[in-house]
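Numbering (my numbering), first residue to last: 719 to 1440.
Every residue gets a Cβ at the ideal spot worked out from N, C-alpha and C, and that includes glycine.
The structure presented is a predicted model; accordingly, all values stated were derived computationally and were not measured.
Contents: one structure, followed by commentary.
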């Protein structure tokens, strides 16, 4: 059953002279409701909405500053065309029509000369509907080279668990939950809206385990904290499996009836010693045993993991191990444990993973993408594959690109190599809110609208569909989905319904309600009705558990595949296999580097915002006091962090006595917008990805295209550079 709820999109409070507008935050995929309160003097502020079932009135610091992002004086306000050398910062303003036509002309010329795959399209975090629109453009252009962040954000987790369970389970945390294992995640910094649910379960008596190199708030609150070495999650997971199986703590009935390959898994684990696995994870055997026993003996138990488990070349197999842990302990699709959510979405096209769009190109065509990983279900190119195709692939070169809401100079591995690649392109167009380092390298820059600057819809973590009103307009900025569609129209690859209007205004067609009605089709509700009532909620069906009893698991065997014949056919390990985190230790680089998301910033976004920058003004590198002393460092020093590649960055030291002696934690995605075109916002100064290597750092790339972000070997020195 569908229900439309009125949420008073516009309310006047005469007593306080205020206007209140309800909207939904689109900075991440959480979809928290916001109250935008405008006084009649024109001032505005944001508050949480206590009626919102997602956020329950609590907002993260990023969401609280959405107005500051929209109204920032450095916002791009008109299309720009480069004049002079790439990256020099010389531009001329052009009309939208000129910018669109020029971009379409250059992309078409490139494909005519070099082939369909000579053009790449790139997107950043999955903004509602926008990335699906970009995938449609890629399909229309017949290029397989569309690239997003999924190799280190989603793909290893989703695919690793799908190859085991047939799906990637969610968690059904409630008062029944007896144990929560937080693995490489910090909900206080990301998806803050989920914290209340977690707190209720813990208050009801659930124990908790935290696996993290850093003493996060989850670690502070945990009954057990395993301070695993960065990048050693596979070793830890295998050791936990070994404890559970050898101590007979697994669910015999479930394993006997619903798992294939248990004997092979058991045999493989018998080849590994606890001492070697624990040494690699830098943990005591007793710690691993305690965690494994607590998790296995709690019924039900749940594992809550984060992006950290997508950040190494072995991440696909790490997530296979985690899925196996869930399965053999009998915590799959049970109340209070992991859950197989099969509820149909009220909308289509929110994510660029819909089968209709993904399958528009054949598997053979998709396999032609640059850097295609082993797993065929990962249908995109990879960041490192695009970089290499630009610089080195003479047979299938990449010559032009269109980047939407992404910042490859900050987010792709090996920043200096990415810079060389962007310089080598024949043409680059970028759609952005601000002049980012990547935008500085473009030939055309489109001023993108923030989510508060156009009518639309979004979907929250609760599954509800929310109307997004237009709350402002900055210059001549336009929504990304309109920009993509206009380029598609100019290329002749999108259908044109209003040719006459298109000639007058290339965006008018995409401002009507028909566009949003397309995505609302599964709900049977149109955009007009949603706009009138603000929120569309599906009455959730009564949860059905242990659905596998009736239908089996959505795997080739119909069971949980501890051993995967499908992976054998792909030439990948059919069982998760132990591979030491560092095959060769280097005494010249004795420390292990890792990173973590900031509660103030969304990746590289937001460094211009005063309130966020005041709270987190400089990039920080954290180190144990004893380790700092051994390098002659004191708090506040500017520290040179050098990787084995010889590349180095500089960050400010903050002491952290809770870190292991050989662990370094550095901030990610740092640049300095205030420096403008000075070395592209000093993108090489403090950016973590200067130190990463997307080619091969001794461990290779993962089955789903992941590379090593955690566990990079580094050394430190004191440096005064700023």
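**Request:** Could you check the C-alpha separation between residue 754 and residue 807 for me, to the nearest Å?
**Result:** 36 Å
**Prompt:** Given residue 1350, which residues of its chain have a CB within under 8 Å of its CB, disregarding the five upstream and five downstream residues?
**Reply:** 1436
**Request:** For residue 1150, name the three-state secondary structure that DSSP assigns.
**Result:** strand
**Asked** Can you tell me whether DSSP reads residue 1159 as helix, strand or coil?
**Response** coil
**Item:** Range covered by the beta strand (DSSP E) that runs through residue 928
**Value:** 925–929
**Three-way DSSP call (helix, strand, coil) for residue 1145 in this model** = strand
**Prompt:** Under the rule that 16 or more other beta-carbon atoms within 10 Å means buried, what is residue 1430, buried or exposed?
**Reply:** buried
**Request:** Tell whether a beta-carbon distance below 8 Å holds between residue 1127 and residue 1136.
**Result:** yes
**Request:** Pull up the distance between the alpha-carbon of residue 1252 and that of residue 751, whole angstroms please.
**Result:** 11 Å
**Message:** Please give the ranges of any beta strand (DSSP E) in the stretch 1080–1142, keeping only runs that are unbroken, at least 3 residues long and fully inside the region.
**Reply:** 1118–1122
**Asked** Which one of 871, 746, 1195 has the shortest CA to CA distance from residue 1026?
**Response** 871
**Request:** Determine the contact status of residue 832 and residue 1117, defining contact as a CB-CB distance below 8 Å.
**Result:** yes
**Asked** Which of the three DSSP states, helix, strand or coil, is assigned to residue 1273?
**Response** coil
**Request:** List in chain order: all unbroken alpha helix (DSSP H) runs of 4+ residues lying wholly within the stretch 1001–1061.
**Result:** 1003–1015, 1033–1046
**Request:** Could you give the DSSP three-state label for residue 1186: helix, strand or coil?
**Result:** strand
**Prompt:** DSSP beta-bridge partners for residue 742?
**Reply:** 751
**Asked** So the alpha helix (DSSP H) residue 959 belongs to, where does it begin and stop?
**Response** 951–964
**Asked** CB residue 1317 to CB residue 746, shorter than 8 Å?
**Response** no
**Asked** The beta strand (DSSP E) with residue 897 in it runs from where to where?
**Response** 897–901
**Request:** Could you check which residue in 1336, 849, 1091, 1424 has the C-alpha nearest to that of residue 1369?
**Result:** 1336
**Environment of residue 1234 [buried if 16+ CB atoms lie within 10 Å]** = buried
**Asked** At what residues does the beta strand (DSSP E) containing residue 1378 begin and finish?
**Response** That residue, residue 1378, is in no beta strand (DSSP E); it is neither H nor E in DSSP.
**residue 765, buried or exposed, once every other Cβ within 10 Å from all chains shown has been counted against 16** = exposed
**Extent of the continuous beta strand (DSSP E) run through residue 1360** = 1356–1361
**Request:** Pull up the CB-CB distance for residue 676 and residue 1382, whole angstroms please, since I reckon it's below 8 Å.
**Result:** Here the chain has residues from 719 to 1440 only, and residue 676 is not among them.
**Prompt:** Between residue 1174 and residue 1061, what straight-line distance do the alpha-carbon atoms span, to the nearest angstrom?
**Reply:** 23 Å
**Item:** Burial state of residue 1000, where buried means 16 or more other Cβ atoms lie within 10 Å
**Value:** buried
**Request:** Report buried or exposed for residue 732, applying the criterion of at least 16 other Cβ atoms within 10 angstroms of its Cβ.
**Result:** Low confidence applies here, because residue 732 scores a pLDDT of 47, under 50, leaving its location unreliable and the question unanswered by this model.
**Asked** residue 832 by DSSP, collapsed to three states: which one?
**Response** helix
**Asked** What distance in whole Å lies between the Cβ atoms of residue 878 and residue 1041, which are believed to be in contact at a cut-off of 8 Å?
**Response** 7 Å
**Buried or exposed by the 16-neighbour rule on C-beta atoms within 10 Å, applied to residue 759** = exposed
**Prompt:** Going straight from the alpha carbon of residue 744 to that of residue 989, what length do you get?
**Reply:** 48 Å
**Item:** Residue span of the alpha helix (DSSP H) that contains residue 906, given as start and end
**Value:** Neither: residue 906 is in no alpha helix (DSSP H) and is coded neither H nor E.
**Request:** Report, in whole angstroms, the separation of the C-beta atoms of residue 898 and residue 916, which I expect to be a contact under 8 Å.
**Result:** 7 Å
**Request:** Inspect the CB distances between the stretch 1311–1329 and the stretch 1388–1399 and report whether three or more fall short of 8 Å.
**Result:** yes
**Asked** In three-state DSSP terms, what is residue 1478?
**Response** Residue 1478 is absent from the model: the chain starts at 719 and stops at 1440.
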